[in-house]
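Just so we're aligned, residue 2 is where the sequence shown starts under the working numbering, counting upward by one. Where a beta carbon is used, it is the ideal one built from N, C-alpha and C, also for glycine.
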Amino acid sequence: MTDTSPINCGNRLSIDQAEALLEKLEAAVQAGGDVVLDGSEVQYSDTAGYQLLISLRKSLETTGNSIQWHAVSDNIREITGYLGLKQAINLPD
């Protein structure tokens with residue numbers, strides 16, 4: 002079984018939270034294994050937040066790991082659908 006690093010995205014996946022989220026993501030990449038995101042509380046998201054997640058996915062791919070989702074809010078599903086980013090952040094259907 003692969004080690005995982007769980008990360009709660011909070012209620013905003015956005016530029017105003019980017020620095021704090023980046024710190025969590027960098028620590029998870031350093032720890033190794035898959036990153037399990039909990040996006041159940043996200044009520045607002047913007048492109049800066051998704052840029053971080055795309056960067057995370059690319060970093061994880063270099064180590065043979067991936068993003069997994071524990072839970073996904075309606076906001077994330079709606080916005081990634083509009084932007085065509087579901088596959089880019091490994092979002093399940």
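Identity of the residues DSSP links to residue i by a beta bridge
i: G40; result: V73
i: Y45; result: R13
i: P93; result: P93 is not bridged to any residue.
i: T5; result: D35
i: I68; result: V36
Buried versus exposed call for residue i [16 or more other C-beta atoms within 10 Å across all chains shown]
i: M2; result: Model confidence at M2 stands at a pLDDT of 42, short of 50, so the residue's coordinates are unreliable; what they give is reported in the following sentence. With fewer than 16 other Cβ atoms within 10 Å, it is exposed.
i: Q18; result: buried
i: A28; result: exposed
Whole-number beta carbon distance between residue j and residue i, since they are thought to touch under 8 Å
i: G84; j: Y51; result: Correcting the residue type first, residue 84 is Leu in the shown sequence and not Gly. Indeed they touch by this definition, with Cβ atoms about 7 Å apart.
i: L14; j: G40; result: 7 Å
i: V36; j: L57; result: 6 Å
i: I68; j: L54; result: 7 Å
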